[in-house]
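Below you'll find the structure, written out as structure tokens, and then a few comments.
Chains as they are written, first to last, in the UniProt record's numbering: chain H, 1 to 197; chain D, 1 to 197.
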């Protein structure tokens, strides 16, 4: 294909860094940005550059933050003694959206996975233990239900004697279609069945 | 939802200017840009700002271009006497991808639509007529098959006496499922049926 504008092509290529965006959507996005929404596009370029320059990690919980202490850790109304451990900022956001947790968070950077060579210090376990030692009384493990999630939960448990450890209940999700659930979830849900009378 | 980073929220909002991107995909994009691909994201911010600053329209065909004359119009191997009229840069790109046209293009800015108050001079018809007067011998109208497309084609035809005007054949698309085609297309395809023996 003959190009009419090398710079347009470069923009189209650059947009493909966005997750789920292939050549066709990138072309549509580039045309829209330039032709239809130039002022919003200019705002986007500025905000993106600013975010990349200023956003780092909160020194306490490691969520994304442009200040040393994020707005959640800085909020005096939240209970700093209850710490929810999540794998990523996206999971933290899911809990915040639901408004279910009014304690603090700690964002791991993934899960321990010996098979993939991911060791405890690559996922901020040392930083977590330091944080837990800082007056935490309950640690809520909100980790994915998987082999790596189990490994990470067991590792944390072994390193945190004297602290109440809880983890999310596992079972059948609300509205979950039993027919399409995997055998492991079904086994787990059946094994942990609750009496109901 | 309590925000942990106002700047992150602003990035998430800004990303929603992209077509087809709602709050959830914007969040996923923002996280990815900041956490996983900061250097590509930085490139994107730079290229976007540069594209907005430097890309304008080719003075001859009105496609996006960072120079006065786009690379298609500047190509001496292309036939400047055959002019394909399209509605948008995206349609031009579709023809270029297919490599089917080696003449020049003219990019209208939409179609004439009296009902929506879109007059000939709002879609660059005066510029087109000037371009046609500049030695064009054939005008290929590659316009959407619609009421507005018809109105635009008729208007151009009336203004271009002495020039060969052609338009794209209409009918059943390759692989098109006859069962799901609209009655207008079927009527058109039947009315224009070709002898085949």
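Every residue gets a Cβ at the ideal spot worked out from N, C-alpha and C, and that includes glycine.
Bear in mind that the values here come from a model prediction, so they are computed numbers and not experimental data.
Limits of the alpha helix (DSSP H) - the one that residue i falls within
{"i": "residue 185 of chain D", "result": "183–191"}
{"i": "residue 47 of chain D", "result": "38–54"}
{"i": "residue 30 of chain D", "result": "23–31"}
{"i": "residue 12 of chain D", "result": "6–15"}
Range covered by the beta strand (DSSP E) that runs through residue i
{"i": "residue 138 of chain H", "result": "138–141"}
Integer Cβ distance of residue i from residue j, believed to fall under 8 Å
{"i": "residue 80 of chain H", "j": "residue 57 of chain H", "result": "The Cβ separation is near 18 Å, so there is no contact."}
{"i": "residue 131 of chain H", "j": "residue 83 of chain H", "result": "7 Å"}
{"i": "residue 25 of chain H", "j": "residue 52 of chain D", "result": "Between residue 52 of chain D and residue 25 of chain H the Cβ distance is about 19 Å, and since that is not below 8 Å, they are no contact."}
{"i": "residue 142 of chain D", "j": "residue 71 of chain D", "result": "Going by Cβ atoms, the distance from residue 142 of chain D to residue 71 of chain D rounds to 20 Å, so no, they are not a contact pair."}
{"i": "residue 62 of chain D", "j": "residue 107 of chain D", "result": "4 Å"}
{"i": "residue 122 of chain D", "j": "residue 93 of chain H", "result": "Contact doesn't hold; Cβ gap of about 44 Å is too wide."}
{"i": "residue 85 of chain H", "j": "residue 139 of chain H", "result": "6 Å"}
{"i": "residue 19 of chain H", "j": "residue 29 of chain D", "result": "6 Å"}
{"i": "residue 109 of chain D", "j": "residue 124 of chain D", "result": "5 Å"}
{"i": "residue 11 of chain H", "j": "residue 47 of chain D", "result": "5 Å"}
{"i": "residue 192 of chain H", "j": "residue 171 of chain H", "result": "6 Å"}
{"i": "residue 17 of chain H", "j": "residue 44 of chain D", "result": "6 Å"}
{"i": "residue 216 of chain H", "j": "residue 159 of chain H", "result": "The requested residue 216 of chain H is not part of the displayed model; chain H covers only 1 to 197."}
{"i": "residue 55 of chain H", "j": "residue 55 of chain D", "result": "Not confirmed; about 28 Å, so no contact."}
{"i": "residue 164 of chain D", "j": "residue 144 of chain D", "result": "In fact, because the Cβ distance is near 21 Å, the residues do not count as touching under 8 Å."}
{"i": "residue 31 of chain D", "j": "residue 89 of chain H", "result": "6 Å"}
Beta-carbon neighbours of residue i, restricted to chain A and to distances below 8 Å
{"i": "residue 37 of chain D", "result": "Looking at the structure shown, chain A is missing, and the protein chains on hand are H and D."}
Taking any Cβ of chain D, which residues in the UniProt domain "Toprim" (81–173) of chain H have a Cβ under 8 Å from it, in chain order?
Taking 8 Å as the Cβ-Cβ cut-off against chain D, the residues of the UniProt domain "Toprim" (81–173) of chain H that qualify are 88, 89, 90, 92, 93, 96, 97, 99.
Give a yes or no on contact between the segment 179–191 of chain D and the segment 146–157 of chain D, applying the rule of three or more CB pairs nearer than 8 Å.
Too few Cβ pairs lie closer than 8 Å, so no.
Members of the UniProt zinc finger region "C4-type" (58–73) of chain D near chain H, C-beta cut-off 9 Å:
Those would be 58, 61, 63, 64, 65, 66, 67, 70, 71, 72, 73, in chain order.
Does the segment 2–9 of chain H come close enough to the segment 59–68 of chain D that 3 or more CB-CB pairs lie under 8 Å?
Verdict: yes, contact present.
Which runs of the alpha helix (DSSP H) at least 4 residues long sit entirely within the UniProt domain "Toprim" (81–173) of chain H? Give them in chain order.
Complete alpha helix (DSSP H) runs here, min 4: 89–98, 125–132, 147–159.
Contacting positions in the segment 17–32 of chain H - beta carbon closer than 8 Å to chain D
Going along the segment 17–32 of chain H in chain order, one finds 17, 18, 19, 20, 25, 27, 28, 29, 30, 31, 32 with a Cβ nearer than 8 Å to chain D.
What residues in the segment 185–196 of chain H have a beta carbon less than 8 Å from any beta carbon of chain D?
Listed in sequence order: no entries.
Interfacial residues, the segment 41–59 of chain H to chain D, with Cβ spacing under 8 Å
Result list: 41, 42, 43, 44, 45, 46, 47, 48, 49, 50, 51, 52, 54, 55, 58.
Kindly provide the ranges of any alpha helix (DSSP H) runs that are 4 or more residues long and lie completely inside the UniProt zinc finger region "C4-type" (58–73) of chain D, ordered along the chain.
Entirely contained in the UniProt zinc finger region "C4-type" (58–73) of chain D, not one alpha helix (DSSP H) run reaches 4 residues.
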